[in-house]
Amino acid sequence: MPLESASKPQTTRPEPSRRFSVAPMMDWTDRHCRFFLRLLSRQTLLYTEMVTTGALLHNDAHRFLRHDTSEHPLALQLGGSVPADLAACARLAEEAGYDEVNLNVGCPSDRVQNNMIGACLMAHPALVADCVKAMRDAVSTPVTVKHRIGINGRDSYAELCDFVGQVREAGCRSFTVHARIAILEGLSPKENREIPPLRYDVAAQLKADFPDLEIVLNGGIKTLAECQAHLQTFDGVMLGREAYHNPYLLAEVDQQLFGSEAPVVSRSEALAQLRPYIVAHMQAGGAMHHVTRHILGLAQGFKGARRFRQLLSADIHKAAEPLAVFDQAVELLQGR
Numbered sequence: 027m028p029l030e031s032a033s034k035p036q037t038t039r040p041e042p043s044r045r046f047s048v049a050p051m052m053d054w055t056d057r058h059c060r061f062f063l064r065l066l067s068r069q070t071l072l073y074t075e076m077v078t079t080g081a082l083l084h085n086d087a088h089r090f091l092r093h094d095t096s097e098h099p100l101a102l103q104l105g106g107s108v109p110a111d112l113a114a115c116a117r118l119a120e121e122a123g124y125d126e127v128n129l130n131v132g133c134p135s136d137r138v139q140n141n142m143i144g145a146c147l148m149a150h151p152a153l154v155a156d157c158v159k160a161m162r163d164a165v166s167t168p169v170t171v172k173h174r175i176g177i178n179g180r181d182s183y184a185e186l187c188d189f190v191g192q193v194r195e196a197g198c199r200s201f202t203v204h205a206r207i208a209i210l211e212g213l214s215p216k217e218n219r220e221i222p223p224l225r226y227d228v229a230a231q232l233k234a235d236f237p238d239l240e241i242v243l244n245g246g247i248k249t250l251a252e253c254q255a256h257l258q259t260f261d262g263v264m265l266g267r268e269a270y271h272n273p274y275l276l277a278e279v280d281q282q283l284f285g286s287e288a289p290v291v292s293r294s295e296a297l298a299q300l301r302p303y304i305v306a307h308m309q310a311g312g313a314m315h316h317v318t319r320h321i322l323g324l325a326q327g328f329k330g331a332r333r334f335r336q337l338l339s340a341d342i343h344k345a346a347e348p349l350a351v352f353d354q355a356v357e358l359l360q361g362r
């Protein structure tokens with residue numbers, strides 16, 4: 027590991043466990059979503075939405091970095107490709123108390139490609155290495171990378187190893203691997219999450235060939251049983267959309283994956299703990315739906331789930347007393 031510069035700030039915060047994490051998801055994993063998910067699992071590593079360097083450096087950084095202390099362990103995902111800008115943003119993240127800074131090398135959207143952000147950076151491993159080195163030189167907070175197994179035109183295993191190898195040389199020790207290639211032309215971001223086939227075997231070979239690295243598997247994982255199976259090969263697993271659409275899956279993560287003996291929180295208990303947060307948010311001028319839009323999947327699989335979603339996604343907008351509507355929704359999950 028490179029020696030730390032004398033000017034490099036020190037932090038006493040321990041490195042977070044990446045055994046189980048919830049993926050950064052645009053428009054979804056905002057601070058309200060993360061507060062809610064933390065009520066279900068104390069151990070899960072949570073990620074912000076991707077925040078671009080431009081948003082932090084040229085807009086209201088506080089708005090993008092704001093979080094509740096209960097959200098820890100918490101990682102900030104950055105989008106960018108200018109080493110100096112990423113280093114400056116990493117310093118802001120460290121000052122704000124984040125436990126990890128993650129570089130996005132996986133997003134395939136046209137918009138981010140045009141700004142040299144995301145999966146297109148897999149074609150530029152030396153640049154990614156420079157970005158990682160700049161951030162690591164700037165902060166003591168762990169710097170990690172989330173990437174695909176390739177992109178169209180650069181999808182061989184040798185090229186993947188070249189990418190990981192160069193970024194490892196820059197000091198990165200933790201890689202989250204979305205086990206699909208990204209097709210940078212012709213597919214939407216949604217299609218890029220579904221059409222390129224999952225290749226867990228490629229990610230497993232990467233772990234075998236880089237045993238010194240922490241390799242976290244992402245892509246298509248839906249159950250804790252699958253997580254336990256993958257943890258026989260990988261150092262960690264990351265869930266995305268399944269964790270958002272079926273959030274109660276997180277309620278048993280601490281017990282099943284971390285060995286916690288604490289009781290599993292019920293759905294109604296989690297909502298009771300969420301209520302004061304909603305009240306405080308509304309008293310500060312926020313709207314209830316900023317929070318409740320993230321909990322619509324909590325009733326999945328139960329009779330009344332449709333009514334639960336209707337109350338919290340539609341009825342609250344028409345109600346004179348939205349908290350009363352929230353309480354009505356909570357009643358549907360009493361004892362569950």
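Position one of the sequence shown corresponds to residue 27 (my numbering), numbered consecutively onward.
No residue lacks a Cβ here, since even glycine has one placed at the ideal position from N, Cα and C.
Query raised in the report: So, using beta-carbon positions, are Arg60 and Glu120 closer together than 8 Å?
Result: For the purposes of this step, residue 60 is taken as the residue at position 34 of the sequence shown. For the purposes of this step, residue 120 is taken as the residue at position 94 of the sequence shown. Contact: no.
Report task. Would you list the one or two residues that DSSP bridges to Lys248? Result -> What you label residue 248 is simply residue 222 of the sequence shown in a count that begins at 1. For Lys248, which the question treats as bridged, DSSP gives no partner whatsoever.
**Report entry** Proximity of Arg293 and Tyr274 at Cβ, strictly below 8 Å
**Finding:** Here the question's residue 293 lines up with position 267 in the sequence shown. Here the question's residue 274 lines up with position 248 in the sequence shown. For Arg293 and Tyr274, yes; Cβs fall inside 8 Å.
Query - 7 Å Cβ shell around Cys198 - same chain, five flanking residues per side excluded - result: To locate residue 198, count along the sequence shown from 1; it is residue 172. Once the five neighbours on either side are set aside, the close Cβ partners of Cys198 are Val158, Val169, Thr170 and Val171.
Query raised in the report: Can you give the beta carbon distance from Ser200 to Ile143, rounded, assuming they're within the 8 Å contact cut?
Result: For the purposes of this step, residue 200 is identified with residue 174 of the sequence shown, where counting begins at 1. For the purposes of this step, residue 143 is identified with residue 117 of the sequence shown, where counting begins at 1. Incorrect: roughly 20 Å between the Cβ atoms, too far for contact.
Query raised in the report: Quick one, which of Gly123, Glu185, Val356 and Arg117 has its alpha-carbon nearest Leu100's?
Result: Locating residue 100 in the sequence shown gives position 74, where the first residue counts as 1. With distances taken between Cα atoms, Leu100 lies closest to Gly123.
Requested in this report: Assuming Leu322 and Arg335 form a contact by the criterion Cβ under 8 Å, report the distance between their Cβ atoms to the nearest whole angstrom.
Outcome: Mapped onto the sequence shown, residue 322 falls at position 296. Mapped onto the sequence shown, residue 335 falls at position 309. At roughly 5 Å, the Cβ-Cβ gap stays under 8 Å, so Leu322 and Arg335 are in contact.
Query - Cβ-based neighbour list, Ala49, same chain, cut-off 7 Å, excluding 5 preceding and 5 following - result: In the sequence shown, counting from the first residue as 1, residue 49 sits at position 23. Cβ neighbours of Ala49 beyond the five flanking positions: Tyr73, Asn244, Met264, Leu265 and Gly266.
Requested in this report: Output the residue ranges of the beta strand (DSSP E) runs that lie fully inside the stretch 151-185 and measure 3 residues or longer, sorted by chain position.
Outcome: 169-177
Requested in this report: Determine the direct distance from the alpha carbon of Cys115 to that of Ala277, and round the result to whole angstroms.
Outcome: Working through the sequence shown from its first residue, we reach residue 277 at position 251. Working through the sequence shown from its first residue, we reach residue 115 at position 89. So the alpha carbons of these two residues sit roughly 33 Å apart.
Query raised in the report: Under the three-state reduction of DSSP, which class applies to Ser294: helix, strand or coil?
Result: For the purposes of this step, residue 294 is taken as the residue at position 268 of the sequence shown. Ser294: helix per DSSP, three-state reduction.
Query raised in the report: Starting from Gly80 and walking both ways along the alpha helix (DSSP H), at which residues does that stretch end?
Result: On the sequence shown, residue 80 is found 54 positions in, with the first residue counted as 1. From DSSP, the alpha helix (DSSP H) with Gly80 extends over Thr79 to His84.
Query raised in the report: For Lys344, is the classification buried or exposed, using 16 other Cβ atoms within 10 angstroms of its Cβ as the cut-off for buried?
Result: As a first step, residue 344 must be located in the sequence shown, where it is residue number 318. Its Cβ having fewer than 16 others within 10 Å, Lys344 is exposed.
**Report entry** Ser31, DSSP secondary structure in three states
**Finding:** Here the question's residue 31 lines up with position 5 in the sequence shown. With a pLDDT of only 32 at Ser31, under 50, the local geometry of the prediction cannot be trusted, and no value is derived from it.
Query - Rounded distance between the beta-carbons of Asp261 and Glu3, thought under 8 Å - result: Here the chain has residues from 27 to 362 only, and residue 3 is not among them.
Query raised in the report: Who are the near neighbours of Pro215 in its chain, counting only those whose CB is closer than 8 Å to its CB and skipping five residues on each side?
Result: As a first step, residue 215 must be located in the sequence shown, where it is residue number 189. The answer, listed in chain order, is Cys133, Pro134 and Ser135.
Query raised in the report: Should Leu275 be flagged as near chain D, meaning a C-beta pair shorter than 8 Å?
Result: In the displayed structure, chain D is absent; only one protein chain is listed.
Report task. Assuming Val190 contacts Phe236 (C-beta within less than 8 Å), just tell me the rounded distance between them. Result -> Sequence index remark: in the sequence shown, residue 190 carries index 164 (1-based). Sequence index remark: in the sequence shown, residue 236 carries index 210 (1-based). 6 Å between Cβ atoms; contact.
Query raised in the report: Between the C-alpha atoms of Gln9 and Asn128, what's the straight-line distance to the nearest angstrom?
Result: There is simply no residue 9 to check, as the chain begins at 27 and stops at 362 in what is shown.
Query - Limits of the beta strand (DSSP E) - the one that Asn130 falls within - result: In the sequence shown, counting from the first residue as 1, residue 130 sits at position 104. It spans Glu126 to Val131 - the beta strand (DSSP E) in which Asn130 sits, taken as one unbroken run.
Query raised in the report: Which value, in whole angstroms, describes the spacing of the CA atoms of Ala229 and Arg206?
Result: Position 203 of the sequence shown, counted from the start, is the residue given in the question as residue 229. Position 180 of the sequence shown, counted from the start, is the residue given in the question as residue 206. Rounded to whole angstroms, Ala229 to Arg206 spans 9 Å at the Cα level.
Query raised in the report: Tell me which same chain residues have a C-beta within less than 7 Å of the C-beta of Arg364, skipping the five on either side of it?
Result: In this structure the chain extends from 27 to 362, so residue 364 is not present and cannot be described.
Requested in this report: Tell me whether the beta-carbon of Ala208 lies closer than 8 Å to the beta-carbon of Arg174.
Outcome: In the sequence shown, counting from the first residue as 1, residue 208 sits at position 182. In the sequence shown, counting from the first residue as 1, residue 174 sits at position 148. Contact: yes.
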